[in-house]
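Input: a single structure, listed below in structure tokens.
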Amino acid sequence: MSIDTVEREFNLAQLIMITEIQNITAEHNERQMKKKARGGKRRNRGRTKDEINRTGFNLL
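In this text, residue positions in the sequence shown follow full-length UniProt numbering: the first is 1, and each later residue adds one.
Right, here's the structure in full:
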């Protein structure tokens, strides 16, 4: 294999890598936008003390 061929193969491999990274980044950004459109930051939080006490009171 000549040096030109090796260089060409290397450049092609680099291009493919860059394209893959761009695709992954684009997908990630798309997901983030969808999340924001759904209502910004949603935290999966536990129940507050009041919520726990209220359910206990309802059982009486």
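Virtual Cβ for every residue (Gly too), placed ideally from N, Cα, C.
Item to complete: Leaving aside the five residues before and after Q22 along the sequence, list all residues of the same chain whose C-beta is less than 6 angstroms from its C-beta, in chain order.
Response: none
Worksheet item: Using the C-alpha atoms, what's the distance from G39 back to R31?
Response: 13 angstroms
Practice prompt. Express the C-alpha separation of K34 and T48 in angstroms, rounding to a whole number.
Written response: 28 angstroms
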